[in-house]
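With the UniProt record's numbering applied, the sequence shown closes on residue 429, and no number is skipped along the way. Okay, so here's the structure we're looking at.
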Amino acid sequence: MDPCVVCGGFEFYTESGFYFCQQCETQQEGRREEVVEYAADASTHVTKKRIDRRTKVNKTETSLGWTSWESFNFILNGWTNELLILGASPEFKITVLQLWATYLGKLQVAFRSFKERCLPRLPLSYRQKDSEIVFGVVPSKVKKRKRTPSNATSDAESTQASEMSFGRLLSQRRKKLVDLEYQKYLDTSESETGGASSVNQSLHSIKSDVLKAKRKKVPLYFNSFARAHKKKVTKDSRKIPRKRHAILRQARLDRHRKTAEHLTMQHVMAVINLALRVNDEKIFLSDILRFQTEGHISTKKLDHFFPEDEPIPKDLSNCGNSPSKYESLWVATSELAHLLEVSEIPEPNIVELIRRYCTDLQLPTGIALYAERMIALSPPKLTFESWNRYMPRYEAKAMAAIIMVMKILFGLDGVTECEISHVIDIINQ
């Protein structure tokens, strides 16, 4: 039993069905002892029951959680801080902020207007929790229909079912009698305290009005990319038979999810990579993938990026478990650069990149010198302009120069190295 509200004591005595504190003689509200008597046959077992009727406490409105954009914002901030520890310059964080703000503005999520407050727009394939938080749209639950058995059951099953139904009926009648007695008690108490009941009714009416206002449906608003996509699919569906409309919509939707117009965890990492290139850092895309593999960049565990009182949403906690691939991140970064209208990216120093790779691979110094001379004779294209579809692969061009020098020095032509490996296998056997 709960302690006394006045003195906090735990010792009570019963009088006329009510509980009173032995220290301060205060009646314990919400608890009452009832004895129910009704006619029954000899097989019915009647017991004295203690009824615990506590007043229902309205639960405080808990927060709805984070939207997907807020969650990605926490993750982006965490990855940026980890890259600062790994050697990125302090200006890198400012570049990330500028690109992220521009990206959210393009998606019509934030930074849309400085004069008016605007709700975020949803993408075509939106997260259900985002629509619930922003627009208050709760998905309707589908009621399950009970199937009636087509064939009659056996006699034994029907007898057992009848016994169970009789027991349920008896318990239901007992509950109804107890509820009826308790309702009579409430009616008498309400008649004695008329003012309190009127206040409760007014509060109840206010609460119902608030709930009705909250349940009021708000139409969903999609961003410009989603509207353009739907318009294009509708136009293209007129040229094909009606049976293939669903296939066309699903195929276009799957293709749209992979573009930069739909924000995912991969595009958050693309923002990081694009900021590294815009700021001309010495960390490249291959280094990011290596940091993920070695655990320097947290991708599998993201809880420490979020506040303790508001953890990461469950549907987003497993987004970073799948390892990132170089090809997909390279394409995502190129698409993001075009979407954000990044006009020019500075060229990295490929000579320093060649020296670094030769040092990491423990190659002779002469290979790096020959590779530098080859780059000087035939410099690769490292510029990225607005008309280029994809960004240059800087690491691949540096490694290509190193491999080319090794092929020339050691006479490797694509066949000789295979023959050498074959001979070594025979010797080892």
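For glycine and all other residues, C-beta sits at the position ideal for the given N, C-alpha and C. Computed from a predicted model, the values in this text were never measured in an experiment.
Out of Glu25, Gly8 and Cys7, which one is the CA nearest neighbour of Thr14?
Nearest C-alpha to Thr14: Glu25.
For Phe74, which of Ile354, Asn273 and Trp100 has the nearest alpha-carbon?
Checking every option, the nearest Cα to that of Phe74 belongs to Trp100.
Ends of the alpha helix (DSSP H) at Tyr370?
It spans Thr365 to Leu377 - the alpha helix (DSSP H) in which Tyr370 sits, taken as one unbroken run.
Is there at least one Cβ from chain C nearer than 8 Å to Phe306's Cβ?
In the structure shown, chain C does not exist; there is a single protein chain.
If we call anything under 8 Å between Cβ atoms a contact, is Phe111 one with Leu104?
For Phe111 and Leu104, yes; Cβs fall inside 8 Å.
Round the Cβ separation of Gly87 and Ile283 to the nearest angstrom and send it over; I've been treating them as touching at under 8 Å.
The beta-carbon separation of Gly87 and Ile283, rounded to 7 Å, stays under the 8 Å limit for a contact.
Cα-Cα separation between Val109 and Arg117, rounded to whole angstroms
Their backbone Cα atoms lie some 11 Å apart in a straight line.
If you measure between the beta carbons of Ile367 and Ile402, is that distance less than 8 Å?
At the C-beta level, Ile367 and Ile402 come within 8 Å of one another.
Within the same chain, show all residues whose beta-carbon is closer than 8 Å to that of Gln23, passing over the 5 residues directly before and after it, in chain order.
Closer than 8 Å at Cβ, skipping near neighbours: Cys4, Cys7, Gly9 and Glu11.
From Tyr390 to Leu339, what distance separates their C-alpha atoms?
Taking the straight line joining both Cα atoms gives about 12 Å.
Cα-Cα separation between Thr365 and Ala371, rounded to whole angstroms
Approximately 10 Å, taken between the alpha carbons.
Use the C-beta contact count for Trp79: other C-beta atoms within 10 angstroms, 16 or more gives buried, fewer gives exposed.
A buried status is given to Trp79, since no fewer than 16 other beta-carbon atoms sit within 10 Å of its beta-carbon.
Which residues mark the beginning and the end of the beta strand (DSSP E) in which Cys358 is found?
In the DSSP assignment, Cys358 falls outside any beta strand (DSSP E) and within the unbroken alpha helix (DSSP H) covering Ile350 to Asp360.
Tell me whether Glu344 is buried or exposed, calling it buried when 16 or more other Cβ atoms sit within 10 Å of its Cβ.
Exposed is the label assigned to Glu344, since fewer than 16 other Cβ atoms lie within 10 Å of its Cβ.
For Ser68, I'd like the list of residues in its chain whose CB is within less than 6 Å of its CB, leaving aside the five on either flank, ordered along the chain.
Once the five neighbours on either side are set aside, the close Cβ partners of Ser68 are Arg127 and Asp130.
From Met269 to Ile426, what distance separates their C-alpha atoms?
So the alpha carbons of these two residues sit roughly 46 Å apart.
DSSP on Thr383, reduced to helix/strand/coil?
In this structure, Thr383 counts as coil in the three-state DSSP scheme.
Along the chain, where does the beta strand (DSSP E) that runs through Thr14 open and close?
Looking at the DSSP string, the run of the beta strand (DSSP E) that includes Thr14 is Phe12 to Glu15.
With a threshold of 16 other CB atoms inside 10 Å of the CB of Val96, please say whether the residue is buried or exposed.
Buried is the call here.
Counted within 10 angstroms of its Cβ, other Cβ atoms place Asp209 as buried (16 or more) or exposed:
Reliability of the predicted coordinates at Asp209 is poor, the pLDDT of 48 falling under 50, and the value obtained from them is presented with this limitation in mind. Exposed, since its Cβ has fewer than 16 Cβ neighbours within 10 Å.
Phe225, DSSP secondary structure in three states
It is helical.
Answer with buried or exposed for Cys358, where buried requires no fewer than 16 other C-beta atoms within 10 angstroms of its C-beta.
Classification of Cys358: buried, given that the 10 Å Cβ count is 16 or more.
Could you tell me which of Ser16, Arg227, Thr333 and Ala275 sits nearest to Ser89, measuring between CA atoms?
Out of Ser16, Arg227, Thr333 and Ala275, Ala275 has the C-alpha closest to the C-alpha of Ser89.
Could you check what DSSP says for Cys21 in three-state terms: helix, strand or coil?
In the structure shown, Cys21 sits in a strand (DSSP, three-state: E or B).
Write down the C-beta distance between Gln266 and Leu329 rounded to the nearest angstrom, noting that I regard them as a contact closer than 8 Å.
The C-beta distance from Gln266 to Leu329 rounds to 7 Å, short enough to fall under 8 Å.
Under 8 Å between the Cβ atoms of Leu107 and Leu263?
Contact: yes.
Just verifying my parser: in three-state terms, what is the DSSP assignment at Arg31?
DSSP places Arg31 in strand when its eight states are reduced to three.
Under the three-state DSSP convention, the category Ile345 falls into
In the structure shown, Ile345 falls within a strand segment according to DSSP collapsed to helix, strand and coil.
What do you get for Leu353, buried or exposed, if any count of 16 or more other CB atoms within 10 angstroms of its CB means buried?
Flag for Leu353 reads buried.
Please state the DSSP three-state secondary structure of Leu122.
Strand.
Could you tell me if Leu84 is buried or exposed, where buried requires 16 or more neighbouring beta carbons within 10 angstroms of its beta carbon?
By the neighbour-count rule (16 or more Cβ atoms within 10 Å), Leu84 is not buried but exposed.
Apart from the five residues on each side of it in sequence, which residues of its chain come closer than 8 Å, Cβ to Cβ, to Ile375?
The answer, listed in chain order, is Ile350, Val351, Ile354 and Ala401.
On a CA-only basis, which of Arg31, Asn81 and Lys176 is nearest His304? Give me that one, please.
Among Arg31, Asn81 and Lys176, the Cα nearest to that of His304 belongs to Asn81.
Buried versus exposed, by CB contacts within 10 Å (16 or more), residue 447
Because the chain spans 1 through 429 in this model, residue 447 falls outside it and cannot be assessed.
Minimum C-alpha distance to Arg356 - residue among Leu369, Arg257 and Ala260:
Looking at the Cα atoms, Leu369 is the closest of the given residues.
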